[in-house]
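For the sequence shown, UniProt numbering begins at 1 and goes up steadily by one.
In this text, a Cβ means the ideal position worked out from N, Cα and C, and glycines have one as well.
All remarks here apply to the structure that follows.
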Amino acid sequence: MGRDIAEFLPGDHASGTFIGRAQSPAGPCVLLLKHGRILDLTATVASVSGAVARSQFEGGTDIGAVADGLPEGWHLLSPIDLQCIKASGVTFALSAIERVIEERARGDASKASEIRGQLESKVGAGIRSVVPGSADAEQLKQVLISEGMWSQYLEVAIGPDAEIFSKSPVLSSVGCGAQIGIRSDSVWNNPEPEIVLICDPDGKIVGATLGNDVNLRDFEGRSALLLSTAKDNTASCAIGPFIRLFDDGFTIDDVRQADVELVVQGTDGYRLSGVNLMSEISRDPLELVRQCIAQHHYPDGFVLFCGTLFAPTQDRDTPGAGFTHKLGDVVTIKSERLGQLTNTVTTSNDAPAWSMGIGEFVRNLSNRAVIDRI
């Protein structure tokens, strides 16, 4: 057998149902993991978005035991395909403060430490104590405006409207084991360990997985209008390993209480660790999904990154300069019920080219005579 997948799955994977994708010699395949077996659904449902839309999570061809890994020549892909990739930002108090730091430092990491101390004492306690969009939040806003401490990031942190943005194009995300990309001209960047919600075309959450919303702090810090440049680059969006579908043993409440751990291991011996506590999120996941749908339609469904409270500030090289990635960093994001997403850092220029867009995906399925099952 080929690539081991059990190492990336949660310890209780045999009691859950998981859906995802793998690249076979013939092309991308839809896989279902159930009762310790790997089932290839492609002959009956050729896309994960279709399986989610039709709740088609049964059947398939048994291709082996999870413990034996994927067949030779196969490897994991991102577990989504035609879904839109959306993300929510500034959903934790700490991340709100870090975004304001980037803004005030104009993307200069050397200024972050001093600004951080000032903001935490003046802003931190307040934004942790209010419900976004509430009367108390509006009162705090007016106080911060009068003190010259207001920011566009605080608006989406405690105001009525969440920050919801398009993270990455359809079919552009990479999966577990792939390289993740940062722009070669970025000098201040970081991983963002997050839970990713999987939603059907009606906005119903059907499951969850892990994601890395790779971020360039120097670009977004210079201007919020550079958000797309900071977020959307080749291989800058990692999702996986598999989607865990909701059932009696795994529900939205497990998402609400999840701990998402992060470890960055550098080739230079550097090690960074942290944790993202979903219990500290300022907006409930259901509210984030509601705001994502708003006055929009997603006929192929969508996935939504929930945001992170983790923003690494530990110095890596220069005192006061904080954290930034180096080539070869191994980034591991894990959560007890969702498994482990592992990727290695490279530049977006050097990452494998993104070649299977929507057109190539459709052509591949057509050549395999399964296009009508998409």
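Is the beta carbon of residue 239 closer than 8 Å to that of residue 216? no
Can you tell me whether residue 339 is buried or exposed, with buried defined as 16 or more other CB within 10 angstroms of its CB? buried
Just verifying my parser: in three-state terms, what is the DSSP assignment at residue 447? Given that the chain is displayed from residue 1 to residue 374, the structure contains no residue 447 and the question cannot be resolved.
Unbroken beta strand (DSSP E) run spanning residue 39, endpoints: 37-40
Residue environment, residue 268, which counts as buried when at least 16 other CB atoms sit within 10 Å: exposed
Do the stretch 32-45 and the stretch 64-84 meet, that is, are 3 or more Cβ pairs less than 8 Å apart? yes
If we count Cβ pairs, one from each stretch, closer than 8 Å, do we get three or more for the stretch 75-84 versus the stretch 329-337? no
Let me know if residue 15 comes out buried or exposed under the rule of 16 or more other beta-carbons within 10 Å of its beta-carbon. exposed
Evaluate residue 91 with the Cβ neighbour count: other Cβ atoms within 10 Å of its Cβ, from every protein chain shown; 16 or more gives buried, anything less gives exposed. buried
Using three-state DSSP, classify residue 360 as helix, strand or coil. helix
Cβ of residue 193 within 8 Å of Cβ of residue 260? yes
Take every Cβ of the stretch 286-301, pair it with every Cβ of the stretch 310-322, and state whether three or more of those distances are shorter than 8 Å. no
Looking only at its own chain, which residues have a Cβ that is under 6 Å from the Cβ of residue 158, when we skip the five neighbours before and after it? 127, 130, 132, 137
Looking at the structure shown, is residue 167 part of a helix, part of a strand, or coil, going by DSSP? strand
Please confirm whether residue 46 and residue 316 have their CB atoms less than 8 Å apart. no
Please state whether DSSP places residue 327 in a helix, a strand or coil. coil
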